[in-house]
Amino acid sequence: MRPGKLYTSLAKALSSATKPRDLHKVHSLLITSGIDQSVFISGKLITKYAQFRDPHASLSTFHRVSPTTNVYQWNTIIRAMTHNGLYNDALGLYTQMKILNIQPDRYTFPSVINCCAGLLNFETGRLVHDHVMEMGFASDLYIGNSFIDMFSRFGDLGNSRNVFDEMPRRDVVSWNSLISGYSSNGYWEEALEMFHQSRVSGMVPDAFMVLSVLPACGGLVAVEEGQMVHGLVEKIGIKADVVVNNGLLSMYFKFGNLTSCHLVFDEMAFRDTVTWNTVICGYSHSGLYEESIKLFFEMLYKFNPDMLTTTSVLLACSHVGDLKLGRDIHDFMMRNGYQCDTTASNILINMYSKCGHSLAARAVFDLMKCRDLVSWNSLIHGYIQNERFEEAIDFLKTMKMELKPDFVTYMALLSMSTQLMNILHAKELHCDIIKTGYDSTLAVGNALVDVYAKCGKLEDSLNQFENMKTRDIVTWNTIIAACLRCKDCETGFRMTSQMRMEGMLPDVATLLGTLPMCSLLAAKRQGKEIHGCILKLGFELDVPIGNALIEMYSKCGSLKNSVLVFKHMKTKDVVTWTAMISAYGMYGEGREALKAFEEMDTAGIVPDHIVFVAILYACSHSGLVKEGQLCFDQMKKKYNIEPRIEHYACVVDLLSRSGLLAEAEDFILSMPLKPDASIWGALLSACRASGDINFAERVSERIVELKSYDPGYYVLASNVYASLGKWDQVRTIRKSLKDRGLRKTPGYSWVEIRNKIYTFGTGDRFFEQYEDVNKLLETFSDLMAREGYVANLKCALHDVEEDEKRDTLCGHSERLAIAFGLLNTKPGTPLQILKNLRVCGDCHTVTKYISKIVQREILVRDANRFHLFKDGKCSCGDHW
DNA sequence: CTAGGGTTAG
C-alpha cells in the first residue's frame, strides 16, 4: 500500500472508531506506520481518547508529539482535559503553552474559560476575560457563550448579562447559557423574562432551553407558563427526550399538580433512573409516602437504585416510621459505599431519629469520616425528638467544641423547651439567640413566638411578636395559634384583622387557627365569614378545613350547617367522621351518631380510639345504654383497640347517667386500669342527680384520696359534703386545694347581642341593667313558684345560709346571661347562651320554666353539649 | 432533570 493511501485509510479508521478497543488498534497501527505524530492525526487521537473518557491516553499521545509547537495540538489537549473535568491540568497546560511563547488563538479560550468556571476560579477567570478583550476576541460567539456560562457559575449574573448584551451575534447557546444562568441561581423571574425575549426575537428553542426554563416555572409556581412550555415541548418535537420529561415531572411536582405528574410519567416511553428518583422523591415531598415506597419497589424491577434513589426513599421511610425498610436500605447503601457521602449519611441519621432509633442514628454519625453542620443538627434534633434531653445537652457541649451552632441548632433546642414547657430554659435560649444574632432569622423568631405560647406565656409570646422586624405568614399563624392555645380569642381575632389590614392573605393554617376560636366563642357570624373566605380562596376541599368547619358549626349551634359541610366533603378522614359523630352527640342525636358510625365503617375508614370516645359520649348523652355498651365491646373485639381510661370513663358516665349506679360501680371495680379521678368523677356527677347521698359520700371519699390536680373533682366532692352539712370535710378539701395552689375554675356565661359579646360571672352585680336583670329573675321566681318549682339547693356550692344560697343560685352566670338576653332582644327571638362549665341541675330546671313563660327558644351550650330549651322541655331529655 | 437538618396548622 502506498504511504498516502495508508494515511487516508488509517485516518478514516480513526474517525470511525466507536469503541476504545478499535481506537487502540488503530493507534498501534499508526505508531508502526510512523504517522502518529502528524499534527492532524495526533490531534484526532487526543480528541478521540478524550471522547472515550481516557484523558491519560490523550496526554501520553500529546507527549509523544515533540517538539509540540503547534497551537492546534495545544488547543486539542487543553480541550481534551477540560472535557474530562481535569480543569487544573488543563490550566497547567495553558500556562506551559504561554511559557513556551505559543500564542493562544480564539479556539484556545472556550476551554480555558470552562476550566475557570468549573474550578470557580474567579481570579483567573477575570484575568482571562481581560486578556481576551485585549486580544480583540470580544466579538467571538463561542468565547462570548463561554463567558456567559462562566460568570453564571460565579453567580455574577451582572457580568453574564453584560457579555450577552455586548455580543454582536448570538445563537441559541447564548440564550440558553444566560437563561440557565438565571435559573440555576434562583433568578427565576429573569430566566422567564429572557425566555420570553428569546421567543420574541425569533429564536427557536431547543431541549436545552426548555430545560433551563422549567426550573424557573417550577420555582415560581408559574403554572400557565409551565403549561405553555409543556406545549412547546410537543411542538418542537422533543417529547421523547427523557431529560426533558424528567424536567417536566420535577416542575409539576413543584406545582403540586400530581395529576399532570401521573400523565407525564405514564406517557414516557423511556424512563431512566432520574425519572424514578424524581417521582419517588416528588411523592415523598407531597406527603404520599406509601406511594413513594410503592414506586421504589416497582423501580427495582428495572433499575438498580443509586444513591439518590436510596436517599429519596429514606425520606418516605422516616415519615411512615418504616424502620424495617430503612434498615434494608441502609444495608444496601453500605454494600455500595453510599454511606461515605455526607448527605447520604445525614439522611440516614434523620431516618433513624424519626423512627425513634437514636442509637442507630448515633452509630451512623460515629462512623462518618466527614461530618458537616447538618450531621450534628440532625443528630441533636433526633435526640430531642426522642425525648433524650440529657444526651442532647451533652452532645451540644461536644458540638460546641468542634463548630458553631447555627440557627437550625437553636430551632431544635427551642423545640426542647417547647416539649418540656420549660419557660426558664426558653428564656435562657432566647438570650443565647440574641447574642448570636439569630433572633433576626425569621424561623427562629417564629419558633420563639411559639415556645412562649406553648409554655402558657401569651404575654411573652405577644412581646416577641411585636419585637419582630419582619413577619411572614408563619409568624401570623403562630401568634393566632398562640392566642387560641391560651384561649384569648379577643386578641386572636384582633390579630386576624390586623393581619388582613397588613395585606397578608390567610392560608390553610391561618384558618385552622381561626375557626376553633369561633367554636370556642360560638361566634357563628365570624365563623360564617371565615367559611365565605374559605370558599373564595378555594380551600373548601381541604380535609382539615372541612373538619374544622363541622366542629365550628356544631359548636355555634348549627347542627344543620355541620351536616351540610359534611355532605359536601369529597374526602373524609377519621377526624371528619369523629367531628360529625361528636356533633350529633352534643345535640343528643345518639341515633344519628350511631348511623354515622356505621356509615364510616362501610366507607372503610378504620376507627381510632378517639372516634370511640365520641360515639360512647353520644350514646351516653342520649341514654342509649345498650348501644353504648355494644360499641365498647366491639372496640376490643372487632377493631382490636385497647380501651383507655377515657373510654372507661365514658362507660361509667353512660351507666350512671341512666341511673344504673350499682352497675357503674361494679364496672369500675372490674376494670383492668386503676380508676382515676375522671372515673369516680363521672360516677359522682351522676349521683348528684339521683340524690343517693350516701352513695355519693362513698364516691367522694375515693376522689379525695386520689389527690387529683383537677379542681373540678374536688368541687364535686365538696358539694356532696356541703349538702350533707359536713362542713369540716368541706373545709379540709378547700384547704387541700389551696395548699396545692389549685383553684376552682370560675363559672361564667356569655351571650352575643348585636355583634357584641356580654360576659357574666357567678354572682356578678356590677354591670349595667343589673337592677332590671335582678327584677326579671325575681318575677320568674314568683311565676315558677306558682307552678310548683322548689329550688334545688344542692347545687349551691358554698357554706352559706339557705337564703343566701338561693341568691347564689339566682346569680348563676347562665341566669344572668339569659335574663340580660331576654331584656335586650325582641320578644320571640331565639336566644343563645354559652357557659364554660356544665349547667347545674337547678339552672337546667329554671331554664325550662323560663322557655315556657316567655315562649322563647333558648339554646345553651355548656362545657359538654347543647341544650335546646323550648316550651318547658329540653332537647337533652335530662341526659347531660 | 433527581437528594439532607428548621418555624405555624394536624
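The letter at position 101 of the first sequence is residue 101 when you use the UniProt record's numbering, and the numbering goes up by one with no holes.
Ideal placement from N, C-alpha and C gives every residue a C-beta, glycine not left out.
Supposed close pair residue i, residue j - CB separation, criterion 8 Å
{"i": "S718", "j": "I733", "result": "5 Å"}
{"i": "L835", "j": "V860", "result": "According to the sequence provided, residue 835 is Lys. The question's Leu does not apply to it. With a Cβ gap of about 7 Å, K835 and V860 count as contacting."}
{"i": "L831", "j": "L822", "result": "7 Å"}
{"i": "G828", "j": "K852", "result": "About 14 Å separates the two Cβ atoms, so there is no contact after all."}
{"i": "I349", "j": "S378", "result": "4 Å"}
{"i": "G712", "j": "G763", "result": "Not confirmed; about 19 Å, so no contact."}
{"i": "V449", "j": "T478", "result": "5 Å"}
{"i": "N176", "j": "F208", "result": "5 Å"}
{"i": "R153", "j": "A117", "result": "5 Å"}
{"i": "L220", "j": "N185", "result": "Contact doesn't hold; Cβ gap of about 14 Å is too wide."}
{"i": "A682", "j": "S656", "result": "7 Å"}
Nearest candidate by alpha-carbon position, reference residue i, set the options
{"i": "V26", "options": "D573, Y789, L45", "result": "L45"}
{"i": "K19", "options": "V839, A50, V39, D542", "result": "A50"}
{"i": "E551", "options": "L541, E540, V563, M504", "result": "V563"}
{"i": "S139", "options": "F151, R106, G125", "result": "R106"}
{"i": "V474", "options": "A447, C483, E598, M333", "result": "A447"}
{"i": "S708", "options": "P405, R743, A791, L325", "result": "R743"}
{"i": "T441", "options": "M468, D450, T418", "result": "M468"}
{"i": "Y849", "options": "A785, L837, F151", "result": "A785"}
{"i": "F395", "options": "C486, C370, D666, D366", "result": "D366"}
{"i": "Y338", "options": "L308, G326, S353", "result": "L308"}
{"i": "T779", "options": "L93, V846, G136, P746", "result": "V846"}
Secondary structure of residue i, DSSP reduced to three states
{"i": "residue 911", "result": "This structure cannot settle anything about residue 911, because the visible part of the chain is limited to 1 through 880."}
{"i": "R786", "result": "helix"}
{"i": "K595", "result": "helix"}
{"i": "Q832", "result": "strand"}
{"i": "P305", "result": "coil"}
{"i": "L859", "result": "strand"}
{"i": "K726", "result": "coil"}
{"i": "V313", "result": "helix"}
{"i": "S38", "result": "coil"}
{"i": "Y142", "result": "helix"}
{"i": "V408", "result": "helix"}
{"i": "C370", "result": "coil"}
{"i": "C116", "result": "helix"}
{"i": "K324", "result": "helix"}
{"i": "K397", "result": "helix"}
{"i": "C631", "result": "helix"}
{"i": "C874", "result": "strand"}
{"i": "K536", "result": "helix"}
{"i": "I574", "result": "Per the sequence shown, residue 574 should be read as Val rather than Ile. Reduced to three states, the DSSP call for V574 is helix."}
{"i": "P168", "result": "coil"}
{"i": "E801", "result": "Any answer about E801 is weak, because its pLDDT of 48 lies below 50 and its placement is not dependable; what the coordinates show is given next. Reduced to three states, the DSSP call for E801 is coil."}
{"i": "E298", "result": "helix"}
{"i": "A222", "result": "coil"}
{"i": "S292", "result": "helix"}
Endpoints, the alpha helix (DSSP H) within which residue i is located
{"i": "S656", "result": "645–657"}
{"i": "V444", "result": "442–454"}
{"i": "E814", "result": "813–823"}
{"i": "N467", "result": "458–467"}
{"i": "T61", "result": "55–64"}
{"i": "residue 882", "result": "Shown here, the chain extends from 1 to 880; a query on residue 882 therefore has no answer."}
{"i": "F265", "result": "258–267"}
{"i": "F154", "result": "Looking at the DSSP string, F154 is not in any alpha helix (DSSP H), and its letter there is neither H nor E."}
Check: residue i C-beta below 8 Å from any heavy atom of the ligand NAD
{"i": "G287", "result": "Annotation note on the ligand NAD: not contained in the displayed structure, which lists no ligands."}
Beta strand (DSSP E) segment containing residue i, residue limits
{"i": "K870", "result": "866–870"}
{"i": "K756", "result": "756–761"}
{"i": "E752", "result": "748–753"}
request  = Would you check if there are 3 or more beta carbon pairs closer than 8 Å linking the region 98–118 to the region 67–78?
outcome  = The answer is yes - the region 67–78 touches the region 98–118, with three or more Cβ pairs under 8 Å.
query = If we count Cβ pairs, one from each stretch, closer than 8 Å, do we get three or more for the region 134–147 versus the region 181–195?
reply = In this structure the region 134–147 does not touch the region 181–195; the number of beta carbon pairs closer than 8 Å is below three.
query = Can at least three beta-carbon pairs, one atom from the region 599–606 and one from the region 626–636, be found at a separation below 8 Å?
reply = As far as the Cβ criterion goes, the region 599–606 does not touch the region 626–636, which means the pair count is below three.
Inter-stretch contact (C-beta, 8 Å, three-pair minimum) for the region 225–244 and the region 262–277 = By the Cβ criterion, the region 225–244 is in contact with the region 262–277, since at least three pairs of Cβ atoms, one from each stretch, lie closer than 8 Å.
task = Decide yes or no for the touch test of the region 666–674 against the region 703–721: beta carbon pairs closer than 8 Å, at least 3 of them.
result = Taking a contact to require three or more Cβ pairs closer than 8 Å, the region 666–674 and the region 703–721 do not qualify as touching.
key: the region 835–844 contacting the region 551–560, beta-carbon criterion three pairs below 8 Å   = Too few Cβ pairs lie closer than 8 Å, so no.
ask   = Would you say the region 422–430 touches the region 383–393, given that touching needs at least three Cβ pairs under 8 Å?
value = No, the region 422–430 does not touch the region 383–393.
key: Contact between the region 434–441 and the region 449–456 (3+ Cβ pairs under 8 Å)   = In short, these stretches do not touch, since the Cβ pair count stays below three.
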